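Number of protein chains: 2
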Amino acid sequence: MNIGEASTQSGVTAKMIRYYEQIGLIPRAERTPAGYRDYADADVHMLRFIARARDLGFSIAGITELLDLWRNKDRRSADVKALAQARAEDLRQKIAHLQDMAGTLEELARTCAGNERPDCPILQELAVQTAPAQGNRKYRNKDSTSIQERIRS
Amino acid sequence: MNIGEASTQSGVTAKMIRYYEQIGLIPRAERTPAGYRDYADADVHMLRFIARARDLGFSIAGITELLDLWRNKDRRSADVKALAQARAEDLRQKIAHLQDMAGTLEELARTCAGNERPDCPILQELAVQTAPAQGNRKYRNKDSTSIQERIRS
DNA sequence: CCTTGACCTTGCCATGATGGGAAGCCCCAT
DNA sequence: ATGGGGCTTCCCATCATGGCAAGGTCAAGG
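Chains A and B supply the protein sequences, listed in that same order. Take 1 as the starting number for the first sequence in the UniProt record's numbering and just add one per residue. Take 1 as the starting number for the second sequence in the UniProt record's numbering and just add one per residue.
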């Protein structure tokens with residue numbers, strides 16, 4: 001089966017299949033004499049595994065670990081469980097952060113008249129003239145993860 | 001004041017200040033004869049506004065809109081409110097998605113013994129041999145947003 | 001047998017927001 | 001005047017993904 005069919009059957013785009021191969025997440029595919037990648041049902045099975053893990057928000061690194069465990073018949077289920085739990089905790093933390101933001105926004109929106117007049121507590125809040133409240137720290141904490149990073153799944 | 005001090009006072013790294021200038025989010029800074037960027041208190045004020053908006057999860061595009069409204073004395077507070085609400089709804093949707101994932105993971109983890117044996121329902125679940133359940137569609141829906149994209153704030 | 005269109009190949013570029021680093025200039029205190 | 005730290009620009013990397021382009025291949029129909 002060629003890459004298009006493997007894509008259809010696994011739900012992973014052809015582009016991503018090639019990418020996964022390139023970064024070593026999946027082994028290099030067999031090739032037909034013409035150079036086309038050739039997949040077996042087992043490959044599709046693996047791709048589907050990847051797709052599901054991805055749907056649960058696992059990163060490539062996490063999927064790598066899961067795949068290793070999947071293939072390892074001597075695995076300890078405790079290791080798998082630990083991975084899942086770590087991922088869940090990660091998500092719970094992100095959720096809490098997003099909830100903070102959403103709550104703040106909703107509260108601000110609630111206090112805004114939302115009419116034709118220009119005065120708006122939302123802008124006022126964003127524009128408060130508070131000191132950075134970071135003591136004598138000259139630059140932002142180097143190892144503090146950035147907002148975007150913290151938010152990403 | 002030079003970029004380092006503006007950074008300290010605003011909580012925005014020098015790197016990001018230059019970036020914001022480059023993409024046109026903030027106007028080009030004045031320069032000293034030596035070519036150093038020179039900032040006034042008003043600039044720091046604006047940077048702080050940006051930092052706060054970022055902390056609420058607004059993207060650069062959203063911040064651009066907020067800044068425009070902030071500067072526009074003829075704004076309608078309804079427009080600001082709409083921005084905040086849209087952002088909040090966006091967040092609520094992402095939260096729901098993350099909660100789905102976390103819930104699934106926790107449930108799977110709960111059913112896993114987590115011992116020395118290899119059998120694990122988590123891996124079993126990821127490896128289910130279900131058909132892609134997408135009818136006769138050959139490739140994934142072109143305009144379906146990717147998981148990662150959906151998750152990002 | 002040849003054409004056509006759908007598929008495959010590789011390779012490069014872009015995303016968004018951010019950090020890292022290099023090479024070179026500038027400023028101030030000793 | 002020298003040294004160290006700050007500034008400048010420019011380039012590269014991240015992560016997972018899509019898009020595009022140039023060229024090879026396959027299968028169906030004339």
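We put the beta carbon where it would ideally sit given N, CA and C, even for glycine. Only a predicted model underlies this, so the values are computations on that prediction, with no experimental measurement involved.
Out of curiosity, what's the CA-to-CA distance linking residue i and residue j?
i, j, result
"P27/B", "R71/A", "55 Å"
"F58/A", "N115/A", "44 Å"
"L47/B", "R54/B", "10 Å"
"S10/B", "A127/A", "12 Å"
"A14/B", "H45/B", "15 Å"
"residue 154/A", "A29/A", "Since the first and last residues shown for chain A are 1 and 153, residue 154/A lies out of range."
"K81/B", "T104/A", "13 Å"
"P121/A", "A109/A", "8 Å"
"G4/B", "I50/B", "17 Å"
"L66/B", "Q85/B", "13 Å"
"A96/B", "E107/A", "19 Å"
"A61/A", "D79/B", "42 Å"
"T32/A", "Y20/A", "19 Å"
"Q129/A", "K73/B", "19 Å"
"Q93/A", "R92/B", "15 Å"
"M16/B", "A34/B", "21 Å"
"V12/A", "A113/A", "47 Å"
"N141/A", "Q22/B", "Since pLDDT at N141/A reaches only 38, below the 50 mark, its modelled position is unreliable, and no value is offered."
Interface residues of chain B around residue i at Cβ under 7 Å?
i, result
"I95/A", "I95, L98, Q99, A102"
"A53/A", "L126"
"I60/A", "Per Cβ cutoff of 7 Å: no residues; I60/A is ~10 Å from chain B at best."
"K73/A", "P118"
"L47/A", "Those within 7 Å of L47/A in chain B number zero; the least Cβ separation is about 10 Å."
Whose Cβ in chain A lies nearer than 7 Å to the Cβ of residue i?
i, result
"G114/B", "S77, A78, K81"
"Q22/B", "The premise fails here: Q22/B is roughly 18 Å from chain A at the closest Cβ pair, so nothing lies under 7 Å."
"A84/B", "L105, L108, A109, I122"
"L56/B", "M101, T104, L105"
"R87/B", "L105"
Just tell me which of the options has its CA closest to the CA of residue i.
i, options, result
"L25/B", "D68/B, D119/B, S7/B", "D68/B"
"T111/A", "D100/A, L123/A, M101/A", "L123/A"
"R18/B", "R52/B, G62/B, D43/B", "D43/B"
"R75/A", "A86/B, L105/B, D119/B", "D119/B"
"D90/A", "K15/B, E125/B, L98/B, E5/B", "L98/B"
"S7/B", "R31/B, R37/B, P33/B", "R37/B"
"A40/A", "M1/A, Q93/A, I95/A", "M1/A"
"R52/B", "K94/A, M101/A, I63/A, E106/A", "M101/A"
"L83/B", "A96/B, I63/B, I95/B, K73/B", "I63/B"
"S77/B", "T32/A, R117/A, G35/A", "R117/A"
"L56/A", "A88/A, P33/A, T32/A", "A88/A"
Closer than 9 Å by beta-carbon distance: list the chain B residues that pair up with residue i, in chain order.
i, result
"D68/A", "Near D68/A there are no residues of chain B at all, since even the closest Cβ is about 11 Å away, more than 9 Å."
Name the one or two DSSP bridge partners that residue i has.
i, result
"R37/B", "R31/B"
Determine the chain A residues that contact residue i at a beta-carbon separation under 8 Å, and present them in chain order.
i, result
"R117/B", "R76, S77"
"A6/B", "Chain A residues near A6/B: none, gap ~11 Å exceeds 8 Å."
"residue 230/B", "Because chain B is modelled from 1 through 153, residue 230/B falls outside the range shown and cannot be assessed."
Check whether the Cβ of residue i sits closer than 6 Å to any heavy atom of the ligand HEM, and report yes or no.
i, result
"W70/B", "Inclusion of the ligand HEM in the displayed structure is not the case, the ligand content being empty and no account of it being possible."
Which residues, taken in chain order from the segment 23 to 41 of chain B, show a beta carbon closer than 8 Å to some beta carbon of chain A?
none
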